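Novice: The structure under discussion is supplied below as structure tokens; questions concerning it will follow.
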Amino acid sequence: MDQATYDPVTSAPRPPAAARTAETLDTTTAEQRAAAVAPAAAGARVLGTTVASLGSATEPGLWIKTPLVQSEMQGRVTNPATGKSSTVMLIPIEGPATAGSRMSLAALRLIGASLTDLTSVEISTSN
């Protein structure tokens, strides 16, 4: 992923090579996290529900790789179990719509999901 092309809310620098904990691997700023969890604008369209697992913990930013989209776009992911949601970059991956998705460490943390479990999430467009 080319982080330079992403919205400032969803992009982040790579973690340091010595990073080993969730706190040091998550390089999003407090300002980014606050912007990402702000309420969604009206008019978002729900794309579907998917089961998400942790993607590459060293891949920075707020993103989800999912078969529910055909092209990269900004969207939102919601954890129905916690009610928490976050703005993320929606990144297409191959597979049927029922296939699972991989989510960034930063996004999983914002929606209150476990880093080691599978989490059912709802994905929607930003507008």
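Per our numbering, the very first residue in the sequence shown carries number 1; after that it's consecutive. Cβ atoms here follow ideal geometry from the backbone N, Cα and C, with glycine treated the same way. Quick caveat: nothing in here was measured; it's all calculated off a predicted structure.
1) Exposed or buried, Q70, counting other C-beta atoms within 10 Å across all chains shown (16 or more means buried)?
2) What does the alpha-carbon distance come out to for the pair R109 and R20?
3) Under three-state DSSP, which class holds V9?
4) Would you list, in sequence order, the uninterrupted beta strand (DSSP E) runs of no fewer than 3 residues that lie entirely inside the segment 31-59?
5) Which residues does DSSP pair with V69 in a beta bridge?
Specialist: According to the structure data:
1) exposed
2) 15 Å
3) coil
4) 46-54
5) V69 pairs with nothing; no bridge assigned.
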